[in-house]
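Novice: Residue numbers (this note's numbering): 73 to 435.
Glycine residues also receive a C-beta, built at the ideal position from the N, C-alpha and C atoms.
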Amino acid sequence: MMSEPYVRLVEENGLWRAYFGYQVFLRSSDEWLKMRWGFNAGALLDEALDRQKLFIETLAVTQSEFYKNTQPDYTLALRVIKKAEGGLCLALLGRVNALNKEDALRNGQSHARELHSIFPQDYILKAAENIHELDELSGRDLLGTASKIAHLQRAYVPVDLTDGRKVATGLWSSSQRSGEQVWRILSAAPVSVLLNIQIQPTFFYEGERLALLEMKKKLAAPGHSNALISAHTPWVENYIKRRLSPWKKYFLLQIHVAAAGVLDETLIRPIGAAFTRDTGEGTNPGYQIKWAGAQPEVRGWGADILSLRMISASRNDDIADADEVYSVFRLPYMNEGGLPGANFIPSPDQIPSTPTEVWRKND
Numbered sequence: 073m074m075s076e077p078y079v080r081l082v083e084e085n086g087l088w089r090a091y092f093g094y095q096v097f098l099r100s101s102d103e104w105l106k107m108r109w110g111f112n113a114g115a116l117l118d119e120a121l122d123r124q125k126l127f128i129e130t131l132a133v134t135q136s137e138f139y140k141n142t143q144p145d146y147t148l149a150l151r152v153i154k155k156a157e158g159g160l161c162l163a164l165l166g167r168v169n170a171l172n173k174e175d176a177l178r179n180g181q182s183h184a185r186e187l188h189s190i191f192p193q194d195y196i197l198k199a200a201e202n203i204h205e206l207d208e209l210s211g212r213d214l215l216g217t218a219s220k221i222a223h224l225q226r227a228y229v230p231v232d233l234t235d236g237r238k239v240a241t242g243l244w245s246s247s248q249r250s251g252e253q254v255w256r257i258l259s260a261a262p263v264s265v266l267l268n269i270q271i272q273p274t275f276f277y278e279g280e281r282l283a284l285l286e287m288k289k290k291l292a293a294p295g296h297s298n299a300l301i302s303a304h305t306p307w308v309e310n311y312i313k314r315r316l317s318p319w320k321k322y323f324l325l326q327i328h329v330a331a332a333g334v335l336d337e338t339l340i341r342p343i344g345a346a347f348t349r350d351t352g353e354g355t356n357p358g359y360q361i362k363w364a365g366a367q368p369e370v371r372g373w374g375a376d377i378l379s380l381r382m383i384s385a386s387r388n389d390d391i392a393d394a395d396e397v398y399s400v401f402r403l404p405y406m407n408e409g410g411l412p413g414a415n416f417i418p419s420p421d422q423i424p425s426t427p428t429e430v431w432r433k434n435d
């Protein structure tokens, strides 16, 4: 039976925002193995990944719902915090917007119950039951003192058209094993570090779809003799086809890394590489890193991440289909041998009364 999460209500820019959170625990390998429907651990892994994909697909909105604005305006984040000492803390954080306080509270509670009900059963969720627990899972202290913050994005692909240069983006993509590298590099960090993977259901506006169709039309027109652009053309055509595929599900997706100490590319590179792997559809242009500048911008980004706001960027930079989101918004799984080099706060035999107790116990 789930415990009701604490819902924090904040009025901002004429809207009421409801915040809530869960700490995520991995089940023990013995308990996890007993859950399989198939005949071996390999089948269990396929089952677990399918449940994670279904979770993402369930969060999407249809084109009709998006245009009519009939679904609650919500944002979800998978947040991983590594303190200087101790294991990785996994958290699921949600924010729902409404026009008034009562609707915000009701929508927040309803969305929290939905997430608890549909979250893959391979994990245990423990609700943050007060503001202090919610702040702990959100990483408020770390985000308030972060010295550097990076925004991880897909690399750009230049497209020269008759009316000027446009850009497409690469794709988020991973494999069953890609996440192992992410958990290991975070566990090895010598300073407190936070990984934030944030999604918001969306859909293409009509103008955006028309722009893609126009790009496709111009790519097919004669006169594109630039060798570099010609080499990119088949990739961009496939990209446009994927974006315009009927009944696709879409999200805005951002990935951030923050640290209270030194943060350089040696920590970010393994994450970017794991999330932009080549696929069966072809090669991938990879990733790029956008850094927060001076401390005022670092503080601004930290406040945005804490409040589950998207850092200012174009929608083209952020929009991703459900398959891309599934590639990166993915939790670890525990086999019998564990994952060497990765250290998670363990699933307790008896869930303690607060997430903070588990964290401090493992510091």
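Any idea which residues DSSP pairs Thr274 with across the strands?
Specialist: Tyr322
Novice: Check for me: the alpha helix (DSSP H) holding Ile257 runs from which residue to which?
Specialist: Residues 250-259.
Novice: Can you tell me which of Ala260, Ser246, Leu98, Tyr94 puts its alpha carbon nearest to the alpha carbon of Asn407?
Specialist: Ranking Ala260, Ser246, Leu98, Tyr94 by Cα distance to Asn407 puts Leu98 first.
Novice: Tell me whether Gly242 is buried or exposed, calling it buried when 16 or more other Cβ atoms sit within 10 Å of its Cβ.
Specialist: With 16 or more Cβ atoms within 10 Å of its Cβ, Gly242 is classed as buried.
Novice: Evaluate Ser189 with the Cβ neighbour count: other Cβ atoms within 10 Å of its Cβ, from every protein chain shown; 16 or more gives buried, anything less gives exposed.
Specialist: exposed
Novice: Is it a yes or a no for the stretch 208-228 touching the stretch 361-372, going by three-plus beta-carbon pairs under 8 Å?
Specialist: Output reads yes: the stretch 361-372 touches the stretch 208-228.
Novice: May I have a chain-ordered list of the beta strand (DSSP E) segments no shorter than 3 residues that lie completely inside the stretch 98-159?
Specialist: 145-154
Novice: Within 8 Å, do at least three Cβ pairs link the stretch 372-392 to the stretch 344-353?
Specialist: no
Novice: Tell me the rounded alpha-carbon separation between Gly409 and Trp88.
Specialist: Inter-residue distance for Gly409 and Trp88 is about 46 Å (C-alpha atoms, whole angstroms).
Novice: Confirm, please, whether the CB-CB distance from Leu224 to Ile153 is below 8 Å.
Specialist: no
Novice: Taking all protein chains shown into account, do 16 or more other C-beta atoms lie within 10 angstroms of the C-beta of Gly365, making it buried, or fewer, making it exposed?
Specialist: exposed
Novice: Just to check my reading of the structure: Pro77 and Ala184 have Cβ atoms closer than 8 Å, yes? What is that Cβ distance to the nearest angstrom?
Specialist: About 5 Å separates the Cβ atoms of Pro77 and Ala184, confirming a contact at the 8 Å cut-off.
Novice: What is the rounded straight-line gap between the Cα of Glu129 and the Cα of Phe138?
Specialist: 15 Å
Novice: Exposed or buried, what is Asp390 when buried is set at 16 or more other beta-carbons lying within 10 Å of its beta-carbon?
Specialist: buried
Novice: Quick one: grab the DSSP three-state call for Gln193.
Specialist: coil
Novice: Might you give, ordered along the chain, the residues of its own chain that have their beta carbon closer than 7 Å to the beta carbon of Asn179, omitting 5 neighbours on each side?
Specialist: Result list for Asn179: Ala90, Pro144, Val168, Ala170, in chain order.
Novice: Pick from Phe92, Ile377, Leu121: whose alpha carbon is nearest that of Tyr398?
Specialist: Leu121
Novice: Indicate the three-state DSSP secondary structure (helix, strand or coil) for Tyr359 in the structure shown.
Specialist: strand
Novice: Taking 8 Å as the cut-off, decide whether the C-beta atoms of Phe276 and Val133 are in contact.
Specialist: no
Novice: Quick one: what does DSSP say Glu83 is sitting in, helix, strand or coil?
Specialist: strand
Novice: What are the start and end residues of each continuous beta strand (DSSP E) run of 3 or more residues lying completely inside the stretch 376-423, in chain order?
Specialist: 391-393
Novice: Considering Cα atoms alone, identify which of Leu117, Ser136, Ala261 is closest to Pro342.
Specialist: Ala261
Novice: Specify the secondary structure class of Lys433 as computed by DSSP and reduced to three states.
Specialist: With a pLDDT of only 47 at Lys433, under 50, the local geometry of the prediction cannot be trusted, and the value read off the model is given with reservation. The answer is helix: DSSP assigns Lys433 an H, G or I state.
Novice: Straight-line CA distance for Lys155 to Leu81?
Specialist: 27 Å
Novice: Just list the residues that DSSP pairs Val229 with in beta bridges.
Specialist: Ala240
Novice: Quick one: give me the first and last residue of the alpha helix (DSSP H) that Arg341 is part of.
Specialist: 337-347
Novice: Leu215 and Gly374: beta carbons closer than 8 Å?
Specialist: Contact flag set, yes.
Novice: Report, in whole angstroms, the separation of the C-beta atoms of Ala163 and Tyr94, which I expect to be a contact under 8 Å.
Specialist: 7 Å
Novice: Can you grab the Cα-Cα spacing for the pair Val229 / Ala392, in whole Å?
Specialist: 15 Å
Novice: Taking just the CA atoms, how far does Ile312 sit from Gly413?
Specialist: 39 Å
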